[in-house]
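Report on the structure given below.
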Amino acid sequence: MTAVLLALLAAVGYGVSDFVGGIASRRVAALRVVIVSYPISLLMVLAVAPLVAGELTTEAMLWGAASGVAGGLAVWWFYLALADGPMSVVSPLTAVLVAGVPVAVGFVLGERPGPLALAGVVLALVAVVMVSRETAETAGEAVDGHRVSFTPRIAWLTVGSGLAFAVAFVCLHEIGDGGGLWPLAASRASATVVVWAVALASAQFVAPPRGVIRLALLIAFLDVVANAAMMYAFSGGLLSLVSVIGSLYPAATVLLAMTMLGERVGRLQQLGMVLAVAAVAMIAVA
């Protein structure tokens, strides 16, 4: 039950962070957001890590660093997709891969959830697919004064970010327990290196405006909470179960997009969100 609650906390954190990140990326280039949010998240983790029990191990730190590299690439591509694509489509579609790939890896590693939990996983995957369906209502609409459409470029960015996020989840699972928050510090450090290198290479290493910096601070806090919750959830639960709950983060993003930006969501997507709740309940009970 603890792992389920932590994964739900992570899902909310990821979803709200994605919404805020999407808003920020519509004001400035995505890289200008993450070159600020990642180092701030690193400082946050370093401030708290000494207060949390944990032992530094080479293996855990390497897995943490690997998750940061994958996560850095994932967030960059994801924010690029959110900047010009419909938020209520890009975020859930990414979640299809974030949920499916770790589940497949878990089964390859020998995980075999019980019948009810397995049914919950299947239902969650179906829910994510339903929520991710682009409808005539969402395609090409003008949102928040910004016209968006699901172009081939947005599709590639979405798929790439989904696969990279999935790899980051698998790496977080491999960290194990006993390392405290130090592996998360390694993750935030390597992610910072990735986005700073990309920003320097593309001549985008420029601080964003003050208003975006405030958003980056919020993104950094949500990033730390979500990833810490996910890491601890993985240490006490199966990769196939925890990852599929964590991948339900689009529910928060879609709800915020509907209420704050006026994005319209079709009935199929609404039904998918209801099924997502049912899937979490089934996994929790199991």
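Take any residue in the sequence shown, note its place counting from 1, add 91, and you have its number in this note's numbering. Quick reminder that beta carbons are idealized off the backbone N, C-alpha and C, glycines included.
Q.
Restricting to Cα atoms, I'd like to know which of Leu-306, Ala-101, Leu-329 is closest to Gly-337.
A. Translated into positions along the sequence shown, residue 337 becomes position 246. The residue with the shortest Cα to Cα distance from Gly-337 is Ala-101.
Q | Straight-line gap, Val-303 to Leu-346 (C-alpha atoms, nearest Å) | A | Here residue 303 is taken as the residue at index 212 of the sequence shown, counted from 1. Here residue 346 is taken as the residue at index 255 of the sequence shown, counted from 1. Val-303 and Leu-346: Cα-Cα distance of roughly 22 angstroms.
Q. So Ser-158 is in the alpha helix (DSSP H); what residue range does that whole segment cover?
A. The residue you call residue 158 lines up with position 67 of the sequence shown. DSSP places Ser-158 inside the alpha helix (DSSP H), whose first and last residues are 149 to 175.
Q | Straight-line gap, Trp-287 to Ala-276 (C-alpha atoms, nearest Å) | A | Locating residue 287 in the sequence shown gives position 196, where the first residue counts as 1. Locating residue 276 in the sequence shown gives position 185, where the first residue counts as 1. Rounded to whole angstroms, Trp-287 to Ala-276 spans 16 angstroms at the Cα level.
Q | Cβ neighbours of Ala-343 in the same chain (closer than 6 angstroms, five flanking residues each side left out) | A | One-based indexing of the sequence shown puts residue 343 at position 252. The answer, listed in chain order, is Val-103, Gly-106, Val-107.
Q.
Could you check whether Ile-374 and Leu-332 sit closer than 8 angstroms to each other, using their CB atoms as the reference points?
A. The sequence position of residue 332 within the sequence shown is 241, counting from 1. The sequence position of residue 374 within the sequence shown is 283, counting from 1. Closer than 8 angstroms, so yes.
Q.
Starting from Ala-323, trace the alpha helix (DSSP H) in both directions and tell me its first and last residue.
A. Residue numbering aside, residue 323 sits at position 232 when the sequence shown is read from its first letter. Note on identity: in this sequence residue 323 is Tyr, with Ala being the wrong assignment. From DSSP, the alpha helix (DSSP H) with Tyr-323 extends over 301 to 326.
Q: Count the other C-beta atoms from every protein chain shown that fall within 10 angstroms of the C-beta of Met-135, then say buried if there are 16 or more, exposed otherwise.
A: Position 44 of the sequence shown, counted from the start, is the residue given in the question as residue 135. Buried, because 16 or more other Cβ atoms sit within 10 Å of the Cβ of Met-135.
Q: Just the C-alpha distance for Val-125 and Ala-298, rounded to the nearest angstrom, thanks.
A: Sequence index remark: in the sequence shown, residue 125 carries index 34 (1-based). Sequence index remark: in the sequence shown, residue 298 carries index 207 (1-based). Each residue's Cα considered, the two are about 10 angstroms apart.
Q: For Arg-123, I'd like the list of residues in its chain whose CB is within less than 8 angstroms of its CB, leaving aside the five on either flank, ordered along the chain.
A: Numbered from its first residue, the sequence shown carries residue 123 at position 32. Ala-290, Gln-295, Val-297, Ala-298, Pro-299, Val-303.
Q. So what's Phe-381 in DSSP terms, helix, strand or just coil?
A. The chain is shown from 92 up to 377; residue 381 falls before or after that span and cannot be answered.
Q: For the alpha helix (DSSP H) holding Gly-104, just list the boundary residues, first then last.
A: Residue numbering aside, residue 104 sits at position 13 when the sequence shown is read from its first letter. Run containing Gly-104: 93 to 116, per the alpha helix (DSSP H) assignment.
Q.
For a quick check, are the C-beta atoms of Gly-253 and Val-187 less than 8 angstroms apart?
A. Position 162 of the sequence shown, counting from 1, holds the residue named residue 253. Position 96 of the sequence shown, counting from 1, holds the residue named residue 187. Contact: yes.
**Q.** Cβ-based burial, Ser-128 [other Cβ within 10 Å; buried from 16]
**A.** Translated into positions along the sequence shown, residue 128 becomes position 37. So Ser-128 ends up on the buried side.
Q.
Using a 10 Å radius around the Cβ and a threshold of 16 neighbouring Cβ atoms, would you call Leu-133 buried or exposed?
A. Numbered from 1 along the sequence shown, position 42 holds the residue referred to as residue 133. Buried is the call here.
Q | Val-285 CB to nearest heavy atom of the ligand MG below 7 angstroms | A | In the structure shown, the ligand MG is absent, as is every other ligand, since no ligand is present at all.
Q) What's the call for Leu-329, buried or exposed, on a 16-neighbour Cβ count within 10 Å? A) Along the sequence shown, one-based indexing puts residue 329 at 238. That one is buried.
(Q) Pairs of beta-carbons, one from the segment 148 to 168 and one from the segment 254 to 263, closer than 8 angstroms: are there three or more? (A) yes
Q: Label Glu-354 either buried or exposed according to how many other C-beta atoms from any shown protein chain fall within 10 Å of its C-beta, with 16 as the threshold for buried.
A: For this step, residue 354 is matched to residue 263 along the sequence shown. Looking at its Cβ environment, which holds 16 or more other Cβ atoms inside 10 Å, Glu-354 is buried.
Q) Are Met-321 and Ala-98 closer than 8 angstroms when you measure CB to CB? A) The sequence position of residue 321 within the sequence shown is 230, counting from 1. The sequence position of residue 98 within the sequence shown is 7, counting from 1. Annotated as proximal: Met-321 and Ala-98, with beta-carbon spacing under 8 angstroms.
Q | Host alpha helix (DSSP H) of Glu-202 (start-end) | A | In the sequence shown, counting from the first residue as 1, residue 202 sits at position 111. Taken as a continuous stretch (DSSP letters only), Glu-202 belongs to no alpha helix (DSSP H), as it is neither H nor E.
Q) For Phe-241, which of helix, strand or coil comes out of DSSP? A) Here the question's residue 241 lines up with position 150 in the sequence shown. Reduced to three states, the DSSP call for Phe-241 is coil.
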